[in-house]
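Worksheet for the structure shown next.
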Amino acid sequence: MAKVYDIIIIGAGPAGLTAAIYGVRAGRSVLVVGGKTPGGQLMLTTDVEDYPGFVDAVQGPELVQKMRGQASRLGAEFLDDNVTTVYFKKSPFTIETDEKKKFSAKSVIIAVGSAYKWLGIPSELKFKGNGISTCAVCDGYFFKNKDVAVIGGGDTAMREALFLSKICKTVSVIHRRNVLRAQAVLQERAKATKNIKWIWNSDVQEFLGDKKLSGVKIKNTKTHQTSTLKIDGAFVAIGHEPSTGFLKGQLETDSKGYVVVKGGYTETSAPGVFVAGDVRDFRYQQAITAAGFGCMAAMDADSYLHGFRSQSVAAKKI
Ligand code: NAP
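Following my numbering, the numbering of the sequence shown begins with 875 at its first residue and continues without gaps.
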């Protein structure tokens, strides 16, 4: 008979990996199915200065590697594949992956995080991967000594702009308002950087170019005037949305796709299925809060499994 894990964790960012550490330390068998490119948003982050325990900044991928190494040493199993289907109507629960592998578990923790949002204008699609990116760390080098734009006014936009300012000739931040959403320290650093330029109160109307991106048409939201900015690259940094399409019909999600939490902690609409990290949290979205939720979800799964065990023992006696 196929193995039934105590806990399957879907997602291998800080939430999933922390859940794995707490799960195995509670004596549970744990499988982490982390996606084909596991690690979450931290894999696209450079200096992490606000994760406790590191006197000097730690690189995002290094932090993930340390968490994964810790979970693995303690006994968690890993599979780097995407989950495509879940079945939560009956316990043990089952999941199926892209490569058609099936696994069962008595409890599941959803920790799939969120993905980058796109502007959704037609010309964006045309230049995706050919001038337009969501990851300065991955693609910034292609624009060495060139002029680029960053769209957005949050933490991600400031981080992207700061990273790119070291590689590119100029970085124009295009923001739809004249006030940034980003935390003060990032704002200050970006504003003190000479080759970062600011284009306020502006919406991106269209990306321009023949085969390669060569400019962007923007519209001032106050004056309604349009203008064109010559750029070689654009980085879209307008936030994230949860990656929960595969949960449809199995777990309650809200209108934006975030998993609905029952009872205020980590329980979901399916008893025995728990949730952790950005996939439930549109407010804090920090590596440390995701890790905290991961810990909570694993402890809740462990408590549930104690009940599961006594229920099945009681059922056998009858
Ligand atoms: P965010 O805080 O939601 O900011 C998104 C930005 O994009 C906002 O400035 C928003 O404008 C703009 N925007 C959204 N939709 C847009 C659209 N359709 N067109 C044009 N502009 C649009 O997202 P984030 O910067 O990715 O950050 C998400 C979370 O991760 C935050 O909680 C953040 O603190 C956290 N984070 C933390 C770090 C860190 O260093 N600790 C790094 C990255 C992210 P408005 O301001 O007008 O709404």
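C-beta: ideal position from N, C-alpha, C; glycine also.
Beta-carbon spacing of residue i, residue j below 8 Å
i, j, result
"I884", "V907", "yes"
"D1174", "T1142", "no"
"G1151", "A889", "yes"
"I1070", "I1048", "no"
"A1111", "A1031", "yes"
"D1021", "R1050", "no"
"L1060", "R1033", "yes"
"V1153", "V986", "yes"
"Q1079", "K1068", "no"
"I1162", "P926", "yes"
"I882", "F977", "yes"
"V1011", "T920", "yes"
"T958", "F1120", "yes"
Residue i: first and last residue of the uninterrupted alpha helix (DSSP H) it sits in
i, result
"F1001", "996-1001"
"V898", "888-899"
"E936", "934-948"
Alpha carbon of residue i to alpha carbon of residue j, nearest angstrom
i, j, result
"G949", "F962", "25 Å"
"G1138", "K974", "34 Å"
"A1064", "L918", "19 Å"
"F1148", "V982", "6 Å"
"A876", "G1146", "20 Å"
"Y879", "M1170", "19 Å"
"G1027", "P966", "44 Å"
Cβ separation of residue i and residue j, assumed to be a contact under 8 Å, to the nearest whole Å
i, j, result
"G887", "G914", "2 Å"
"D1155", "A900", "Actually they do not touch by this definition, with Cβ atoms about 23 Å apart."
First through last residue of the beta strand (DSSP E) which encompasses residue i
i, result
"F1120", "No beta strand (DSSP E) contains F1120, which DSSP labels as neither H nor E."
"P1116", "1114-1116"
"T1008", "Taken as a continuous stretch (DSSP letters only), T1008 belongs to no beta strand (DSSP E), as it is neither H nor E."
"K953", "Note that residue 953 corresponds to Leu in the displayed sequence, not to Lys. L953 -> beta strand (DSSP E) spans 951-953."
"D972", "D972 -> no beta strand (DSSP E), and no H or E assigned at all."
"I1092", "1087-1094"
"D1155", "Counting along the chain, D1155 falls outside any beta strand (DSSP E), and DSSP gives it neither H nor E."
"G1107", "1107-1110"
Length-filtered (3 minimum) beta strand (DSSP E) runs lying within the stretch 1029-1078 = Listed in chain order, the complete beta strand (DSSP E) runs (minimum 3 residues) inside the stretch 1029-1078 are 1044-1048, 1070-1073.
Jot down the residue ranges of each uninterrupted beta strand (DSSP E) in the stretch 902-930, minimum 3 residues, whole runs only, in chain order.
-> 904-907
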